[in-house]
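Take the sequence shown: its position 61, counting from 1, is numbered 98 in this note's numbering, and each next residue is one higher.
Glycine included, every Cβ here is placed at the ideal spot set by N, Cα and C.
See structure below.
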Amino acid sequence: MSEARVRQRSTADERRATVMRTAIRAFAERGYYGTSTSDVAKAAGISQGYLYRLYPDKEALFAAVIEHCSTVLREAAAEAVAKVASGDPEAVMAALASSYGDVVADRDVLMILMHGNCAASVPAIGEAVRDCYARQVEYIRAASGASDEQIRRYFGDALLSNVLLAAGAYDLDAPWVRTLRTLPS
38 MSEARVRQRS TADERRATVM RTAIRAFAER GYYGTSTSDV AKAAGISQGY LYRLYPDKEA
98 LFAAVIEHCS TVLREAAAEA VAKVASGDPE AVMAALASSY GDVVADRDVL MILMHGNCAA
158 SVPAIGEAVR DCYARQVEYI RAASGASDEQ IRRYFGDALL SNVLLAAGAY DLDAPWVRTL
218 RTLPS
């Protein structure tokens, strides 16, 4: 006689985490407009109805994905700042830039940031993108003591880096790529 298998049910938090991982992967691959809630539900192994119990619509799900990536960025920034021995804003900003590069080396996070910017005309997504930028800017301002110009340059360099990474330009050896990937000293 064989032992009966006991099926263990996932908690709502476990399901939400599974949905978040799955949604990040799906949206990163196909973008907001190319991914359906049905795609996410199927990949997560849940019904679309259950997905709608967790998130009322696709906009709310994608906004939650952006918020998750914002939290990942914020946590990585805090870890980087904690390791800086100096209070010099340039040293803190250099550590933050390195930390940001490590985070966006995860192509899924990179592509969520890119797709979020592209879908920001959707009201809930635009709000999530604005909140993401606001959280990052205000944290960096408080943690670094950097000037507005230093912060603007940091974000400008990060956004340009995102585009080059997403387009696969860092793999090219071309004059235009060398020009764009050379950061000012």
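- It is roughly 16 Å from the alpha-carbon of Glu-175 to the alpha-carbon of Glu-116.
- Pairing Ile-162 with Ile-61 gives a Cβ-Cβ distance that is not under 8 Å.
- Out of Ala-63, Arg-178 and Leu-197, the CA that lies nearest to the CA of Ile-188 is found in Arg-178.
- Annotation: Ser-184 to Pro-93 spans about 40 Å, alpha carbon to alpha carbon.
- Taking C-beta separations shorter than 7 Å and ignoring five residues to either side along the sequence, Glu-66 has no partners in its chain.
- Between Ala-132 and the set Ala-54, Ala-114, Ala-142 and Val-140, the nearest pair of CA atoms involves Ala-114.
- Between the C-alpha atoms of Gly-68 and Leu-91 there is a straight-line separation of about 20 Å.
- Using a Cβ distance threshold of 8 Å, Glu-104 and Ala-165 count as a contacting pair.
- In this structure, DSSP gives Ser-181 a helical state, which the three-state scheme calls helix.
- Taken atom to atom, the span from the alpha-carbon of Ser-107 to that of Phe-99 is near 12 Å.
- Looking at the backbone, the Cα of Ala-63 and that of Gly-182 are separated by about 37 Å.
- Between the alpha carbons of Cys-169 and Pro-212 lies a distance of about 33 Å.
- A buried status is given to Ala-81, since no fewer than 16 other beta-carbon atoms sit within 10 Å of its beta-carbon.
- The beta carbon of Thr-55 lies closer than 6 Å to those of Ala-81 in the same chain, with the five residues before and after it left out.
- In the three-state DSSP reduction, Lys-95 falls in the helix class (H, G or I).
- Taking the CA atoms as reference points, Ala-142 sits about 20 Å from Arg-190.
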